[in-house]
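Residue numbers (my numbering), protein chains in the order written: chain A, 2 to 440; chain B, 551 to 1008. A short write-up of the structure that comes next.
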Amino acid sequence: MTNLNAVLDAARKAGAQQAEAYQVANEETPVMFEANRLKELNSRHTSGVALRVIADGRIGFASSTRPDDVDDLVSAAMETAPFGPEAHFDFPKQVEAPVVETFDPATEAFAVDDMIEAGQTLIDAVRKVEPELLCDAQLRRVVGEVTLVNSNGANVSYRGSMLMAWLHGSLIRGTDMLFVGDVDASVSPDIDTARIERTVTWQLEHARDLANMRTAEMPVIFTSSGVADALVMPLTLAFSGRLVQQGQSPLAGKLGDDLYDARLSVHDDATLPMRPASRPFDDEGVASRRTPLIVSGTVRSFMYDLQSAGLAKAQTTGSAERSLTSQPSISTTSLIIAPGETTFEEMVASVKEGLIVEDLMGAGQGNVMGGDFSGNVLLGYKIENGEIVGRVKDTMVAGNVHEALASVSAIGDEARWINGTIHTPPLLFDRMAVSAKAS
Amino acid sequence: MPDQLTSRDDIETAVRGHNADYVEIRIDDTSTTRLVYRGQELEEIGRTRSFGGCARALVNGGWGFVSFNQPHDIRTRVEEAVAQARHVGKETSVLAPVDPVIDVVPLDVAMDPRTITLARKKEIFDGYNARMLSVDGVTSTNIVYGDSHKRVTFASSEGSYIEQERIDVISRLAATARRNGDMQQSSMSLGALNDFSYIDTLDEAADMIANRAVELLNAPYVEPGVYPVVLDPILAGVFCHEAFGHLSESDFVYENDRMKEIMVLGRKFGQKNLNIVDGAAVPGLRGSFKYDDEGTPAKKTDLIREGILVGRLHSRETAGKMGEPPSGNARAIDYRFPPIVRMTNTYIEDGDATFDDLIGDIKLGVYARNWFGGTTSMEMFTFSAGEAFMIRDGKVAELLRPVKLTGNLFTTLENIDGIARDLDFNQGGGCGKGGQMPLPVSNGSPHIRIQDCVVGER
């Protein structure tokens, strides 16, 4: 490991007025299954240091995975600083961070053989439902440590752990291809493989028959997974304090406005215990918190990191995230959409002719910044007279997330974790543009 | 010398004498410079150095893989990978034979970005940013520039030792126009292998992007539906990559009997006019190299010849298991990942039509240009155009808001009924698969016409 204080000292000697060193060390152990059987074991060690400097008011940046590289690291950061953006912040002093549970020794101790067994058990279980299903699966254990020190006295560090399981199955008949799958992740080894099994079983049972869609505006239900695929990215991008300050977000100037359905509440929370996206402080050393974005339909706050907060004359919300090689930028942690009162079955029963979107492909390709989403329904079902009648093909759905969320027809009463980081109920919209090629 | 921390001798010794069917080591050393603008301001400038290595082993059909940043004691890392592989392996290892190669490939650079000062790079992009922002109606811009120099050292237990270097120069210019609540964006992504020189030639491109973003504010939405569609070379190249290229990657096929039936060589995929090729041996493109990340020499592989499936993309394992020749398509984005089957330079070959032939007899259709994005799930694909126009009575008519095209691969390839003779390459893309992104690739095509394509708003 690199001596981070030595990096700060070297940066100041080289002319930086302020400096920040960020170090990550991760050990990632994926167990990979291919075509229903164990295929590959990996162990990936990653470590490195990133240095940000503020020199003559401007930000310079460099990173390196070479522990012996202090001189090169400092000179690279100092070389970029004269051309860098003006700094609108000081690095924070040492902060009182909340206690956030991010590490479970049981995950670190979770044996590779147990991961192999969990994966094989899962594959065997879903293949009982559909013997011809061909499964790829992965159990992944990640254990790591983040350390951040800066020249204003902050010196913070935490360990994190995560266990993740995903299963992806394909069923091919002629040239018809069905893809099913689910994923769960947790700080602890308590990932819910039974849920993955239930979800995939449900998908298989409802996808057996094919149903024809027509091109029309019609009711559309997004399952939790569909919400995460299609709606979350265009929605949360609009809450980026940087894009708001630059006038690029459609929410610029709309803080406090009642833009959304009065039943809709959305918040970001980095302090939830034992969630993979949780952390005591963000990637600039700012204390973590819960940030309400939409409260009962009202735009409540935007997300900021240090630079965007400085530019907007706002307070950072501890939303800075970075990898080793990238500079901090604004990101969600755990995104929570509050559940409503309608059961999924009631939603389906209320629709005469409509579409259920479970997996949307290519959702991030449009004018995402303006809130547009659209994509090819990779896994979705048709509703006729209140019942799911089969899987759809060659079907696209499109809309604008801000317009859609202004009037939600029903919010599901049960939220679930998608990818371990988004907790959302299903949502029903009355009218959405669906285009289909009748086969 | 790959690096002062790891000598050639260390690496070659470390792969020898293990109780394994196959062992390899890769050491990467990558240095990157990156500039990002958003609006008036340069938002980010930085340099990164990424040095690391990996060991991969095959025992009884099972793989082990260990990656590391600290290159001390490589032999122990190899032993870890061998132990993992032994834990997994319960079958027989199969690798298609490849002759061992010892080669140190010199860097063939036209204009080296490392010889251009940071001040000059910033001056060039300050210029483009100012040009775009000066267009009336443009409210913001986004520019990304990156150059990266990468040196890869490879050694295998079969006696290969290969050093290769490459420099990627990528750039993206985007302009956003806004009026009342409405917002439109236009962008262009470019790239080059081992050559900085195009970076200094983008004045016209910057003007075009900025003006197009403003024009889009007045453009109508497409009426969603099924149309005859003409694609420009850039978008047709993306279509070729997304809709067909991924399906030709054999790791989706080699252990899947149903996929083998679908992708059986000799199957008719398109009309007589359709020829599709992939190959890193096509020189000077983003997907070009001399050896892949298993040390297999680059090739040019016919995938579709006169509408018939004739070949596919392989790693040594997929080739061995399918009894086909290795194609040199095993690629890893960096030392943190094992190589998997990837495309290189994928393109539709020239036909004999002209652009006017393609649009001449279309009464009502869509002309879609330029890449915005694309993705596939094998059977279904979706890709979005940077810009689109209606075709009315055989002529290119009004500009549309951006459109997205979607369809079923098997019917869509058969519906290509016209191919022009104006092949061009898109070098601005990066491909993602299995968590490895963006891998440098290129794709290309002449103008093509597809009947009965589903078109929607983007």
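Don't be surprised by glycine CBs; every beta carbon is placed ideally from N, CA and C.
Whole-angstrom C-beta distance between residue j and residue i, which should lie under 8 Å
i, j, result
"A/P86", "B/L683", "Contact doesn't hold; Cβ gap of about 16 Å is too wide."
"B/G567", "B/N610", "With a Cβ gap of about 18 Å, B/G567 and B/N610 do not count as contacting."
"B/C933", "B/L955", "The residue you asked about is not Cys; residue 933 of chain B is Phe in the sequence shown. That belief holds up - the Cβ atoms of B/F933 and B/L955 are roughly 6 Å apart, short of 8 Å."
"B/I941", "B/V916", "6 Å"
"A/K434", "B/P774", "The residue you asked about is not Lys; residue 434 of chain A is Ala in the sequence shown. Contact holds; Cβ gap of about 7 Å."
"A/P68", "B/Q620", "7 Å"
"A/F62", "B/I666", "Contact doesn't hold; Cβ gap of about 19 Å is too wide."
8 Å CB neighbourhood of residue i in its chain, flanking five on each side removed
i, result
"B/F839", "Q714, R716, A830, A848, T894"
"A/N420", "V184, A186, A229"
"B/R597", "S581, T582, T583, R584"
"B/H791", "M893, T896, G924, G979, C981, V991, N993"
"B/N920", "M738, D782, I784, L785, A935, G936, E937"
"A/M178", "S171, L172"
Beta-carbon neighbours of residue i, restricted to chain B and to distances below 8 Å
i, result
"A/N43", "G614, F615, V616, S617, Q634, P888"
"A/P68", "N619, Q620"
Bounding residues of the beta strand (DSSP E) (the contiguous stretch that carries residue i)
i, result
"A/H207", "Element bounds for A/H207: not the beta strand (DSSP E) but the alpha helix (DSSP H), 194-208."
"B/G980", "980-983"
"B/D704", "Reading off the sequence, residue 704 of chain B comes out as Phe, not Asp. From DSSP, the beta strand (DSSP E) with B/F704 extends over 688-706."
"B/H796", "Taken as a continuous stretch (DSSP letters only), B/H796 belongs to no beta strand (DSSP E), as it is neither H nor E."
"A/E21", "19-35"
"B/G1006", "998-1007"
"B/G936", "930-942"
"B/K850", "850-855"
"A/I423", "423-425"
"A/A166", "156-174"
Residue i versus residue j: straight-line alpha-carbon distance, rounded
i, j, result
"A/R142", "B/Q1001", "48 Å"
"B/E799", "B/K850", "14 Å"
"B/L853", "A/N6", "56 Å"
"B/G878", "A/G248", "48 Å"
"A/V157", "B/H637", "39 Å"
"A/I357", "B/T642", "44 Å"
"A/T66", "A/L123", "37 Å"
"A/E359", "A/S410", "18 Å"
"B/F922", "B/A786", "12 Å"
"B/E562", "A/E41", "24 Å"
"B/L766", "A/F111", "55 Å"
"B/R670", "B/Y748", "14 Å"
"A/R13", "A/S64", "17 Å"
"B/A680", "A/A126", "60 Å"
"B/R722", "B/A755", "11 Å"
"B/G870", "B/V654", "27 Å"
"B/P552", "B/R625", "In this prediction, B/P552 has a pLDDT of 43, which is less than 50 and means its spatial position is unreliable; nothing more can be read from the coordinates."
"A/I412", "A/L265", "8 Å"
"B/M930", "B/N965", "15 Å"
"B/D943", "B/I909", "9 Å"
"A/Q19", "B/D676", "26 Å"
"A/A263", "A/S76", "53 Å"
"A/V352", "A/V296", "28 Å"
Close Cβ partners of residue i (< 6 Å) along its chain, the five nearest in sequence each way excluded
i, result
"A/M116", "V32, L140"
"B/S617", "C604, Y885, R886"
"B/P515", "Since the displayed chain B opens at 551 and closes at 1008, residue 515 of chain B lies outside it and no answer follows."
"B/M928", "L797"
Under 9 Å by beta carbon: chain A residues contacting residue i
i, result
"B/S707", "Correct list: empty, because the minimum Cβ distance to chain A is about 18 Å."
"B/A669", "P83, F84"
"B/F960", "T176"
Residues near residue i by beta carbon distance below 7 Å, same chain, minus five either side
i, result
"A/G242", "F303, M304, Y305, S309, A310, A313, A315, I331"
"B/D658", "N744"
Element boundaries [alpha helix (DSSP H), containing residue i]
i, result
"B/G870", "866-872"
"A/M433", "Note, A/M433: premise wrong, no alpha helix (DSSP H); beta strand (DSSP E) at 428-437."
"A/D230", "225-231"
"B/E630", "624-638"
Chain B residues whose Cβ lies nearer than 9 Å to that of residue i
i, result
"A/T47", "G602, S617, F618, N619, R886"
"A/N27", "Here the premise fails: no neighbours, minimum Cβ distance about 10 Å."
Beta-carbon neighbours of residue i, restricted to chain A and to distances below 7 Å
i, result
"B/P774", "T216, A434, S436"
Contact test: residue i Cβ vs the ligand ATP heavy atom, cutoff 7 Å
i, result
"A/Q204", "No copy of the ligand ATP appears in this structure; indeed no ligand is present at all."
7 Å Cβ cut-off: residues of chain B touching residue i
i, result
"A/S488", "With chain A covering 2 to 440 only, the question about residue 488 of chain A has no answer from this structure."
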